[in-house]
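Asks: Numbering (our numbering) for the sequence shown: 7 to 779.
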Amino acid sequence: MPAREDIEPRPSRKSNIKTALVCGAGLFVIVIVLVVYVNIISRETESSLNLFMEEVADVESANARAIFEGEFNILHGASAFITQENIGNEAALLERLREVVDSGSFSRVGVVDLEGHGVAYDQSLGNLTSRDYIDQDFVRKSKGGADYVSAPYEDELTGVQSLAFSVPVYDIKHEGGDPIGVLVGVTSAESFANIIDVSLFAGRGSVSIIDSSGNVLLRSAAAEVDGVDVFSAGYDKAGLPDEAKESLAKGESGSATVIRPNGTTLFTIYRPIGINDWFIDVVVPSDYLEAQNHTVLVASMVMALFVVGVVSLLMYLILRVRHRSEGALARAALTDRLTGIDNELAFMRKSAVRPEYYEGGCSLVLFNLVGFSLFNTIYGFDAGSACLRNIAHLLKSDLRRHELVAHLTGDRFAMLVETSDARRADARLVELMNRIEAATRADDSQYRIVSQCCVYRLERADFERDINLILQDMAVPLKRAQSHAGSRIVRYDECDVAAATRARQIESIMSTALSEKEFLAFFQPQYDISGDVPVLCGAEALARWNSPILGLVTPDEFIPVFERNGSISQIDHYILEHACVRLRQWLDDGLRCVPLSVNLSRRNLFSADLIEQIEHVVDKHRVPHELIKLELAEGIVAENERQLISTAEKLRARGFKIVMDDFGTGYSSFPALKDIPFDTIKLDRSFFGESIADKRGRATLMSVIALLEQLGFKILAEGVETAREVFQLKEWGCQTIQGYVFGRPVEGTVFEQECLRPAQNDLISAQLDGRSF
7 MPAREDIEPR
17 PSRKSNIKTA
27 LVCGAGLFVI
37 VIVLVVYVNI
47 ISRETESSLN
57 LFMEEVADVE
67 SANARAIFEG
77 EFNILHGASA
87 FITQENIGNE
97 AALLERLREV
107 VDSGSFSRVG
117 VVDLEGHGVA
127 YDQSLGNLTS
137 RDYIDQDFVR
147 KSKGGADYVS
157 APYEDELTGV
167 QSLAFSVPVY
177 DIKHEGGDPI
187 GVLVGVTSAE
197 SFANIIDVSL
207 FAGRGSVSII
217 DSSGNVLLRS
227 AAAEVDGVDV
237 FSAGYDKAGL
247 PDEAKESLAK
257 GESGSATVIR
267 PNGTTLFTIY
277 RPIGINDWFI
287 DVVVPSDYLE
297 AQNHTVLVAS
307 MVMALFVVGV
317 VSLLMYLILR
327 VRHRSEGALA
337 RAALTDRLTG
347 IDNELAFMRK
357 SAVRPEYYEG
367 GCSLVLFNLV
377 GFSLFNTIYG
387 FDAGSACLRN
397 IAHLLKSDLR
407 RHELVAHLTG
417 DRFAMLVETS
427 DARRADARLV
437 ELMNRIEAAT
447 RADDSQYRIV
457 SQCCVYRLER
467 ADFERDINLI
477 LQDMAVPLKR
487 AQSHAGSRIV
497 RYDECDVAAA
507 TRARQIESIM
517 STALSEKEFL
527 AFFQPQYDIS
537 GDVPVLCGAE
547 ALARWNSPIL
557 GLVTPDEFIP
567 VFERNGSISQ
577 IDHYILEHAC
587 VRLRQWLDDG
597 LRCVPLSVNL
607 SRRNLFSADL
617 IEQIEHVVDK
627 HRVPHELIKL
637 ELAEGIVAEN
647 ERQLISTAEK
657 LRARGFKIVM
667 DDFGTGYSSF
677 PALKDIPFDT
687 IKLDRSFFGE
697 SIADKRGRAT
707 LMSVIALLEQ
717 LGFKILAEGV
727 ETAREVFQLK
737 EWGCQTIQGY
747 VFGRPVEGTV
757 FEQECLRPAQ
767 NDLISAQLDG
777 RSF
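(1) For HIS584, count neighbouring Cβ atoms within 10 angstroms of its own Cβ and tell me buried if that reaches 16, exposed if not.
(2) Evaluate ALA428 with the Cβ neighbour count: other Cβ atoms within 10 Å of its Cβ, from every protein chain shown; 16 or more gives buried, anything less gives exposed.
(3) According to DSSP, what are the bridge partners of TRP551?
(4) Helix, strand or coil for ALA6, going by three-state DSSP, please let me know.
(5) Between which two residues does the beta strand (DSSP E) carrying GLN2 extend?
(6) Does the distance from the CB of VAL125 to the CB of LEU134 come in under 8 Å?
(7) Taking DSSP as the reference, what is the three-state secondary structure of VAL359?
(8) Quick check on LYS635: buried or exposed, where buried means 16 or more other Cβ atoms within 10 Å of its Cβ?
(9) Would you kindly check if the distance between the Cβ of TRP738 and the Cβ of ILE770 is under 8 Å?
(10) Output the distance between the C-alpha atoms of ASP235 and SER214, rounded to the nearest integer angstrom.
(11) My assumption, with CB atoms under 8 Å, is that ASN374 sits in contact with ASP417. Please give the rounded CB distance.
(12) Residues in the same chain with beta-carbon distance under 6 Å from ALA468, minus the five sequence neighbours each way, listed in chain order, please.
(13) Could you tell me which residues DSSP pairs with PRO291 in its beta bridges?
(14) Going by the beta-carbon positions, is the gap between HIS123 and ASP138 smaller than 8 Å?
(15) Report the option in GLY366, GLU724 and VAL314 whose CA atom is closest to the CA atom of GLY745.
(16) Which whole-angstrom value describes the C-beta separation of LEU689 and PHE669, a residue pair presumed to lie in contact below a C-beta threshold of 8 Å?
(17) Tell me which same chain residues have a C-beta within less than 7 Å of the C-beta of GLU60, skipping the five on either side of it?
(18) Closer than 8 Å is the cut-off here; do at least three beta carbon pairs connect the region 472-485 with the region 526-541?
(19) List the DSSP bridge partners of ARG418.
(20) Expressed to the nearest angstrom, what Euclidean distance is found between the alpha-carbon atoms of ALA250 and LEU57?
(21) Exposed or buried, what is ASN610 when buried is set at 16 or more other beta-carbons lying within 10 Å of its beta-carbon?
(22) Starting from ASP594, trace the alpha helix (DSSP H) in both directions and tell me its first and last residue.
(23) At which residue ranges does the region 697-749 contain complete beta strand (DSSP E) runs of 3 or more residues, listed in the order of the chain?
(24) Cβ atoms of ILE473 and ALA358: under 8 Å apart, would you say?
(25) Kindly confirm or deny that the region 455-465 and the region 372-387 touch, where touching means at least three C-beta pairs closer than 8 Å.
(26) Is there contact between the region 428-441 and the region 380-391, where contact requires at least three CB pairs shorter than 8 Å?
(27) Which residues bound the alpha helix (DSSP H) around ASP388?
(28) If you count every other CB in all the chains shown that lies within 10 Å of the CB of HIS622, and 16 or more means buried, which is it?
(29) In this structure, does DSSP put GLY83 in helix, strand or coil?
(30) Going by C-alpha to C-alpha distance, which of GLU258, GLN129, VAL37 and VAL290 sits closest to ILE62?
(31) Which stretch, first to last residue, makes up the beta strand (DSSP E) that contains LEU223?
(32) Hey, PHE568 and ILE577 are a contact pair by Cβ (cut 8 Å); roughly how many whole angstroms apart?
(33) With the cut-off set at 8 Å, would you say GLN129 and SER113 are in Cβ contact?
(34) According to the neighbour-count rule (16 or more other Cβ atoms, all chains shown, within 10 Å of its Cβ), is GLY211 buried or exposed?
(35) With a threshold of 6 Å on Cβ separation, who are the neighbours of ILE80 within its own chain once the five nearest residues in sequence on each side are excluded?
(36) Do THR193 and LEU163 come within 8 Å of each other at the CB atom, strictly closer than that value?
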């Protein structure tokens, strides 16, 4: 046989590939999202810069318009003193004009009549008289009734670039009519340019005033971008697109990219001021905008790469932790927590991957520790757990390379070993069991654990079978062998296979049997042996099944099947119902009745409405609660002691008696006995059967019975078969006996005729003596 290959639990290759694909897809999506994000950031940055320039253009346009209108308002206010009568009085006019100049708005203010003759006052030159302005544009415009500001020009008197503001003058004494003259104010272009001198984009941008032909009228100090005027030669030579030319000619807002003679480009946004055909023009080099956009783009890319790196690192760490966690969880799922060796699942998986196990040279071995439950009861759970760990270590150390071992449950272990040589294999198993018994024997113990095993040789046909089902079936002959001393190795043979097949048949028809009410309630009598003569004191209601398909099915056959699939709870209710029917019938017939014991399964015990269900059935038949005893298996104590105590206390508070069934077969301990409110402890035959004939066993049994008496429990022994056993149990303090020695389970009518009616006088005497059962 090839060497054993341990199946290390690890994530499957498909799982790893799937995880890698998911992670790759996740990273791809993240990259796509980040690329889209960077593009959006780039567009938003460009849009934000454009929006900023538009806002600057709008603000500067509004500011320029307000300044121009303010200058016009000053002139309009000053024109109020000019009338038809004083327009020719130069002395009076000059005095008024000097006052306007002194106010600081204009460096020169003058009045021109309709013939073009005018007088003015200049801040530097003083009075200027008898000058002819008939050819000036601002005179002609305002004579027509319009407010007007001239383009910058070189003043002939001062040589300074100046702007001339003009407004029509009306005679306020005569409403309506044509202008009587023009009031003109002159200011330097430089002072006005300072108003629009705005530093933009770290000094790379500028603000200017242009006309609809693209000529620069006023420029801020930063109007030269990289040493070249934007519109120094007009837009025809500046590379302005046709769309921009058209919008300028129409007086509309717009933007454009201007190609300069040196090949570089500028981005310009222009807004009409509302004065003449002038525009505020905001200009910045395109390479500056691109540089800003590039800076933001690079920062976004760095951030995106950082995010991708962090996400990749996190995904790597997550995958690494997940891989380790899955491995740890898989190992935990395949490892028995108590002993540290393989559990049932691992045993099943490992035995299923090698067809060589099923070629006739290997066998399944199921070990059982007879008496372990008592060991656990006497020495406690911790000592029992340590015992199981020692056995697990011993079995594992005996493994050969190709063999398997697992702890199944409780005191059962399974091995898959080579048994090509049957004689040597048996000798090995006997030696192994001897070592188990030696390792578990305490120096101060008067009770020893006996190991037994069931062996089944695997054949090719078993490769397709469930190993767990085979092991479950092997437990049946092993349990039977517990009552036969010396049967250390039990063979699982064809008869056992047939029994397992019958169990499958039982499972397939049990639902129909329940619905068709094929089950019967039988009653096995219980006798009080505390007096000189045994007295009937109770009976246990037991389920029997007479199937039209399978014939008579014994409880040993169907009870385990029903417990496995959960149908046992229906049997419990069925038997309780029939027990109550019988009690009501006997009471109605005037008979004195003894309590009937009914079994409660684990599934029923932890039902939320158990107490209500029991009360409903009992009260429906008007049966006194003290005539019903409820038996709970000892193994339930280890499952949920707190729930058991709560349920038992509530049942006792309602008048029901509580019995611990099968004492000595489960995993209870004496510390638990003092807390759980049982009325009676029912000793299983497996607990006392062999102990009567064994010196140490007798000592142990006597001590346990004495302790139970001191704790206040009534003691009932079931499965008693001989008068010698009755005598010995009575001598040790056991008060009640149930077993073949007094009677087998019988149908209700038979129990009435053979047990209940003959005991009426004894029951009357017991009642008179004050004895209660």
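Glycine included, every Cβ here is placed at the ideal spot set by N, Cα and C.
Replies: Concretely, from the data shown:
(1) Counting from one through the sequence shown, the residue named residue 584 turns up at place 578. Around the beta carbon of HIS584, 16 or more other beta carbons sit within 10 angstroms, so the residue counts as buried.
(2) As a first step, residue 428 must be located in the sequence shown, where it is residue number 422. With fewer than 16 other Cβ atoms within 10 Å, it is exposed.
(3) In the sequence shown, the residue the question calls residue 551 occupies position 545. DSSP links TRP551 through a beta bridge to PHE525 and VAL559.
(4) Residue 6 cannot be examined here, being either before or after the span of the chain that is shown, 7 to 779.
(5) Beyond the ends of the chain as shown, which are 7 and 779, falls residue 2; an answer cannot be given.
(6) Residue mapping note: residue 125 aligns to position 119 of the sequence shown, counting from 1. Residue mapping note: residue 134 aligns to position 128 of the sequence shown, counting from 1. VAL125 places its beta carbon less than 8 Å from that of LEU134.
(7) If you number the sequence shown from 1, residue 359 lands on position 353. If DSSP states are grouped into helix, strand and coil, VAL359 belongs with coil.
(8) Taking the first residue of the sequence shown as 1, we reach residue 635 at position 629. That one is buried.
(9) For the purposes of this step, residue 770 is identified with residue 764 of the sequence shown, where counting begins at 1. For the purposes of this step, residue 738 is identified with residue 732 of the sequence shown, where counting begins at 1. No Cβ-Cβ contact shorter than 8 Å links ILE770 with TRP738.
(10) The residue labelled residue 235 in the question sits at position 229 within the sequence shown. The residue labelled residue 214 in the question sits at position 208 within the sequence shown. Unreliable placement is indicated for ASP235, whose pLDDT of 47 sits below 50; no coordinate value is reported for it.
(11) The count along the sequence shown starts at 1 and reaches residue 374 at position 368. The count along the sequence shown starts at 1 and reaches residue 417 at position 411. Yes, they are in contact, since the Cβ atoms of ASN374 and ASP417 sit about 6 Å apart, within 8 Å.
(12) As a first step, residue 468 must be located in the sequence shown, where it is residue number 462. One detail in the question is off: residue 468 reads as Asp in this sequence, not Ala. Excluding its 5 nearest sequence neighbours in each direction, ASP468 has C-beta neighbours in its own chain below 6 Å: TYR364, listed in chain order.
(13) Locating residue 291 in the sequence shown gives position 285, counting from the first residue. For PRO291, which the question treats as bridged, DSSP gives the partners LEU272.
(14) Sequence index remark: in the sequence shown, residue 123 carries index 117 (1-based). Sequence index remark: in the sequence shown, residue 138 carries index 132 (1-based). Their beta carbons are under 8 Å apart, which means HIS123 touches ASP138 by this criterion.
(15) Here residue 745 is taken as the residue at index 739 of the sequence shown, counted from 1. For the residues GLY366, GLU724 and VAL314, the minimum Cα distance to GLY745 belongs to GLU724.
(16) Against the sequence shown, residue 689 aligns to sequence position 683. Against the sequence shown, residue 669 aligns to sequence position 663. Yes, they are in contact, since the Cβ atoms of LEU689 and PHE669 sit about 5 Å apart, within 8 Å.
(17) For this step, residue 60 is matched to residue 54 along the sequence shown. Taking C-beta separations shorter than 7 Å and ignoring five residues to either side along the sequence, the partners of GLU60 in its chain run ILE275, following chain order.
(18) With contact defined as three or more Cβ pairs closer than 8 Å, the region 472-485 and the region 526-541 are not in contact.
(19) As a working mapping, residue 418 is identified with position 412 in the sequence shown. According to DSSP, which records beta bridges pairwise, ARG418 is partnered with ASN374 and THR415.
(20) Stepping through the sequence shown from its first residue, residue 250 is reached at position 244. Stepping through the sequence shown from its first residue, residue 57 is reached at position 51. Rounded to the nearest angstrom, the gap between the Cα atoms of ALA250 and LEU57 is 18 Å.
(21) Numbered from its first residue, the sequence shown carries residue 610 at position 604. Buried, by the Cβ-count rule.
(22) To locate residue 594, count along the sequence shown from 1; it is residue 588. 574-594 is the span of the alpha helix (DSSP H), which, as asked, contains ASP594.
(23) Qualifying beta strand (DSSP E) stretches, in chain order: 720-724 and 742-744.
(24) Along the sequence shown, one-based indexing puts residue 358 at 352. Along the sequence shown, one-based indexing puts residue 473 at 467. Yes, the Cβ-Cβ distance between ALA358 and ILE473 is below 8 Å.
(25) These segments touch.
(26) Result no; under three Cβ-Cβ pairs closer than 8 Å.
(27) One-based indexing of the sequence shown puts residue 388 at position 382. First-last of the alpha helix (DSSP H) with ASP388: 387-403.
(28) Translated into positions along the sequence shown, residue 622 becomes position 616. Classification of HIS622: exposed, given that the 10 Å Cβ count is below 16.
(29) Here residue 83 refers to the residue found at position 77 when the sequence shown is read from its first residue. GLY83 falls in the helix class under three-state DSSP.
(30) Taking the first residue of the sequence shown as 1, we reach residue 62 at position 56. One point to set straight first is that residue 62 is Val, not Ile, in the sequence displayed. With respect to the C-alpha of VAL62, the residue from GLU258, GLN129, VAL37 and VAL290 having the closest C-alpha is VAL290.
(31) If you number the sequence shown from 1, residue 223 lands on position 217. From DSSP, the beta strand (DSSP E) with LEU223 extends over 222-225.
(32) Start at 1 with the first residue of the sequence shown, and residue 568 comes out as number 562. Start at 1 with the first residue of the sequence shown, and residue 577 comes out as number 571. A Cβ-Cβ separation of about 6 Å places PHE568 in contact with ILE577 under the 8 Å criterion.
(33) Locating residue 129 in the sequence shown gives position 123, counting from the first residue. Locating residue 113 in the sequence shown gives position 107, counting from the first residue. Between GLN129 and SER113, the CB-CB gap stays under 8 Å.
(34) Sequence index remark: in the sequence shown, residue 211 carries index 205 (1-based). The residue in question, GLY211, is buried, as its Cβ has 16 or more Cβ neighbours within 10 Å.
(35) On the sequence shown, residue 80 is found 74 positions in, with the first residue counted as 1. Result list for ILE80: SER111, in chain order.
(36) The sequence position of residue 163 within the sequence shown is 157, counting from 1. The sequence position of residue 193 within the sequence shown is 187, counting from 1. No. Outside cutoff.
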